[in-house]
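A.B. asks: Sequence order for the protein chains is A and B.
All the letters of the first sequence, read from the start, carry residue numbers 1 to 241 under the numbering used here.
All the letters of the second sequence, read from the start, carry residue numbers 1 to 191 under the numbering used here.
Below is a structure I'd like to ask you about.
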Amino acid sequence: MNGKSFFIDLSKCTACRGCQVACKQWKNKPAEKTENTGSHQNPPDLSWMTLKLVRFTEKTIDGKFNWLFFPDQCRHCVDAPCKMVADSEVEGAILQDEATGAVIFTDKTKDISIDNVRPACPYDIPRVNPETKVMFKCDMCIDRVQAGLLPACVQTCPTGTMNFGDRDEMLALAEKRLAEVKKRYPQAILADPKDVRVIFLCLFPGDNYYKYVTAEAGAPRTMTRQAMLARLTRPFARILS
Amino acid sequence: MKLKRRDFLKLTGGAVAVTAFGGLGFDLTPVHAKAEAAKLAGTKQTTTVCCYCSVGCGLIVSTADGGKGRAVNVDGDPDHPINEGALCPKGASIYQLCENDRRLQKVLYRAPYSDKWEEKSWDFALERIAKLTKEARDATFEVKDAKGQVVNRLNGIASVGSAAMDNEECWIYQAMLRAMGLTYIEHQARI
Chain A
1 MNGKSFFIDL
11 SKCTACRGCQ
21 VACKQWKNKP
31 AEKTENTGSH
41 QNPPDLSWMT
51 LKLVRFTEKT
61 IDGKFNWLFF
71 PDQCRHCVDA
81 PCKMVADSEV
91 EGAILQDEAT
101 GAVIFTDKTK
111 DISIDNVRPA
121 CPYDIPRVNP
131 ETKVMFKCDM
141 CIDRVQAGLL
151 PACVQTCPTG
161 TMNFGDRDEM
171 LALAEKRLAE
181 VKKRYPQAIL
191 ADPKDVRVIF
201 LCLFPGDNYY
211 KYVTAEAGAP
221 RTMTRQAMLA
231 RLTRPFARIL
241 S
Chain B
1 MKLKRRDFLK
11 LTGGAVAVTA
21 FGGLGFDLTP
31 VHAKAEAAKL
41 AGTKQTTTVC
51 CYCSVGCGLI
61 VSTADGGKGR
71 AVNVDGDPDH
81 PINEGALCPK
91 GASIYQLCEN
101 DRRLQKVLYR
111 APYSDKWEEK
121 SWDFALERIA
131 KLTKEARDAT
141 FEVKDAKGQV
151 VNRLNGIASV
161 GSAAMDNEEC
171 WIYQAMLRAM
181 GLTYIEHQAR
191 I
């Protein structure tokens, strides 16, 4: 067993935002005060209350107009930089479930600074509740997955964009769909399939959709001192434990 | 992974048993996991049909047994032939149709030419609706048209709406409207 993974096939996404709503409902997250920014992207960004967000981008690529949809969420990195940072500060604040590979923020994240964790994330995912200081992000619906259910976003998806299952199965599905989609969209890519458990199939290179679709495509996220130290001390931590 | 409703029910039952015996076989974040999985613990599953459009997606409503007996979660029904477990954003938010502190709990009435709302009782509202319906029907019911053909129709009243009615409620409503002679009947899903 190689844990679990998502496969998100953007060639099928219609931006209905069912995933965004289902996530909020299962997690009992409150509604956000928001405003019209001239886009259907609403609320405008992820937050501790909105763990899944469909991003909308209007882009002309090779002279052709495209309306690109990107259902953003935590990628559940195989080796999660946020966890490395957290481990260097408060042991057990960020955990990784062995069976699924899910990266999970616990209430202990209130004792670490978001200023260290958020810049460590190549995908700019972690958010903090300003009142309680607890950090939030997608937890792969670990409670549902353990009960044999699909994550709420995958269960609700009416188009087949969101898929979830054993990692090997999802990787195979991703490769199969990539080959099919490439016939029509030769620039199509899989976003960081080896490094993350949420594999996006993008019709165009990732930065057309959003800055942080792939780890490299984003602006260089300089590693914080903590992240660097965490990475350096990691082998020792392993030996000690 | 295809999950059938029976599996869903089985699993939910399983989750309850596990919780009862303590621990979820998940030792990483025991407190967190228990609190979250408790969402479906001890709930009863009932199927229904989404009322929001004419597609008619199947739903599984989980209601709390103890306590208030209110809905705690609504999922798509994986066994339903229409949606096979999927839901659109409106359907996915249908839980808020009943569990929402912003729902109006009382009848609000604005009298003709008034500029404010007053709280009224259901008895007041139903009686007033019945009275006005009867008046309008008596005044505009048409037995024969201009050519002398029997039509038995009521063109003075139209029905527009019914956004929160499911399939069965719509049938009863439609039957009542037809019996009264209405011809202008429109449902929210087509507006």
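C-beta: ideal position from N, C-alpha, C; glycine also.
Since Val196/A contacts Arg17/A with CB under 8 angstroms, what's their CB separation in whole angstroms?
C.D. replies: That pair is no contact at about 22 angstroms.
A.B. asks: Could you tell me the distance, in whole angstroms, from the CA atom of Leu201/A to the CA atom of Ala164/B?
C.D. replies: Looking at the two C-alpha atoms, the distance is approximately 37 angstroms.
A.B. asks: Mapping the DSSP letters down to three states, classify Cys13/A as helix, strand or coil.
C.D. replies: Note: Cys13/A maps to coil in three-state DSSP.
A.B. asks: Which one or two residues does DSSP pair with Leu59/B in a beta bridge?
C.D. replies: According to DSSP, Leu59/B bridges with Thr48/B and Gly76/B.
A.B. asks: Can you tell me whether DSSP reads Asp45/A as helix, strand or coil?
C.D. replies: Three-state DSSP puts Asp45/A in coil, outside helix and strand.
A.B. asks: Check whether chain A comes within 8 angstroms of Ala86/B, counting only Cβ atoms and requiring the distance to be less than that.
C.D. replies: Yes, contact with chain A.
A.B. asks: If you measure from the beta carbon of Arg17/A to each beta carbon in chain B, is any gap under 8 angstroms?
C.D. replies: Interface residue, yes.
A.B. asks: Whether or not the region 104-111 of chain A and the region 45-56 of chain A are in contact is what I'm after, with contact meaning three or more pairs of Cβ atoms, one per stretch, closer than 8 angstroms; do they touch?
C.D. replies: No: the two stretches stay apart, fewer than three of their Cβ pairs being nearer than 8 angstroms.
A.B. asks: Below 8 angstroms between beta carbons: does that hold for Thr133/B and Arg153/B?
C.D. replies: Cβ distance not < 8 angstroms, so Thr133/B and Arg153/B don't count as in contact.
A.B. asks: In the DSSP output, what is Arg127/A paired with across the bridge?
C.D. replies: DSSP lists Phe136/A as partners of Arg127/A.
A.B. asks: In angstroms, rounded to a whole number, what distance separates the CA positions of Glu98/A and Ile185/B?
C.D. replies: If you take the alpha carbons of Glu98/A and Ile185/B, they lie about 57 angstroms apart.
A.B. asks: So, under 8 angstroms CB-CB, Cys53/B and Ala189/B are touching, yes? Tell me the CB distance rounded to an integer number of Å.
C.D. replies: Contact flag correct, Cβ pair sits at about 4 angstroms.
A.B. asks: Counting only runs that start and end within the region 82-144 of chain B, where is the alpha helix (DSSP H) found for 4 or more residues in a row?
C.D. replies: Taking only runs of at least 4 residues, the alpha helix (DSSP H) segments lying wholly in the region 82-144 of chain B are 89-92 and 122-140.
A.B. asks: With DSSP as the reference, please indicate the residues paired to Gln96/A in a beta bridge.
C.D. replies: BP columns for Gln96/A point to Val103/A.
A.B. asks: Give the straight-line distance between the Cα atoms of Asp139/A and Phe6/A, rounded to the nearest whole angstrom.
C.D. replies: Their Cα atoms are separated by approximately 12 angstroms.
A.B. asks: Helix, strand or coil for Leu177/B, going by three-state DSSP, please let me know.
C.D. replies: If DSSP states are grouped into helix, strand and coil, Leu177/B belongs with the helices.
A.B. asks: Of all the CB atoms in chain B, is at least one closer than 8 angstroms to the CB of Trp242/A?
C.D. replies: Within the shown structure, residues of chain A are numbered from 1 to 241, placing residue 242/A beyond reach of any answer.
A.B. asks: Tell me the rounded alpha-carbon separation between Lys10/B and Gly148/A.
C.D. replies: Since pLDDT at Lys10/B reaches only 47, below the 50 mark, its modelled position is unreliable, and no value is offered.
A.B. asks: Among Ser39/A, Ala15/A, Ala102/A and Val21/A, which has the Cα closest to the Cα of Arg144/A?
C.D. replies: Of Ser39/A, Ala15/A, Ala102/A and Val21/A, the residue nearest in Cα terms is Ala102/A.
A.B. asks: Can you find a CB in chain B that lies within less than 8 angstroms of the CB of Val21/A?
C.D. replies: For Val21/A, the answer is yes, since a Cβ of chain B falls inside 8 angstroms of its Cβ.
A.B. asks: Closer than 8 angstroms, CB to CB, is Ser93/B near chain A or not?
C.D. replies: By this cut-off, Ser93/B is an interface position.
A.B. asks: Leaving out five residues before and five after Asp27/B in sequence, what residues of the same chain have Cβ atoms less than 7 angstroms from its Cβ?
C.D. replies: Note that Asp27/B scores 42 on pLDDT, short of 50, meaning its location in the model is unreliable and no value can be drawn from it.
A.B. asks: Do Val117/A and Val85/A have their C-beta atoms closer together than 8 angstroms?
C.D. replies: Yes, these two residues count as a Cβ contact at 8 angstroms.
A.B. asks: Using a Cβ-Cβ cutoff of 7 angstroms, what residues of the region 42-69 of chain A are near chain B? List them in chain order.
C.D. replies: Those residues of the region 42-69 of chain A that come within reach of chain B (Cβ to Cβ, closer than 7 angstroms) do not exist; the list is empty.
A.B. asks: Could you work out which residues of chain A lie near Asp75/B, taking near to mean beta carbons separated by less than 7 angstroms?
C.D. replies: Here the neighbours are Gln155.
A.B. asks: Have a look at Pro251/A and Thr156/A and give me their C-alpha separation to the nearest angstrom.
C.D. replies: The structure shown does not extend to residue 251/A, since chain A is modelled only from 1 to 241, so the question has no answer here.
A.B. asks: Report the option in Cys82/A, Gly3/A and Ala15/A whose CA atom is closest to the CA atom of Tyr209/A.
C.D. replies: For Tyr209/A, the nearest C-alpha among the options comes from Ala15/A.
A.B. asks: I think Pro186/A touches Cys88/B, with their Cβ atoms under 8 angstroms apart; what is that distance to the nearest whole Å?
C.D. replies: About 32 angstroms separates the two Cβ atoms, so there is no contact after all.
A.B. asks: For Lys24/A, which of helix, strand or coil comes out of DSSP?
C.D. replies: Reduced to three states, the DSSP call for Lys24/A is helix.
A.B. asks: If the cut is a Cβ gap below 9 angstroms, which residues of chain A does Pro89/B touch?
C.D. replies: What Pro89/B touches in chain A: Cys16, Arg17, Gly18, Cys19, Gln20, Val21, Ala22 and Thr156.
A.B. asks: Distance check for Gln20/A and Phe65/A, CA to CA, integer angstroms please.
C.D. replies: Answer to the nearest angstrom: the Cα atoms are 25 angstroms apart.
A.B. asks: Of all the CB atoms in chain B, is at least one closer than 8 angstroms to the CB of Pro25/A?
C.D. replies: It is Gln, not Pro, that sits at residue 25/A in the sequence shown. Judged by the 8 angstroms Cβ criterion, Gln25/A is in contact with chain B.
A.B. asks: Thr60/A bridges to which residues according to DSSP?
C.D. replies: Answer by DSSP bridge pairing, in chain order: Phe65/A.
A.B. asks: Identify the continuous beta strand (DSSP E) that holds Asn152/B and give its terminal residues.
C.D. replies: Counting along the chain, the beta strand (DSSP E) containing Asn152/B begins and ends at Val150 to Gly161.
A.B. asks: Using DSSP bridges, identify the partner residues of Asn202/B.
C.D. replies: Since the first and last residues shown for chain B are 1 and 191, residue 202/B lies out of range.
A.B. asks: Could you tell me which residues DSSP puts in a beta bridge with Ser5/A?
C.D. replies: BP columns for Ser5/A point to Gly165/A.
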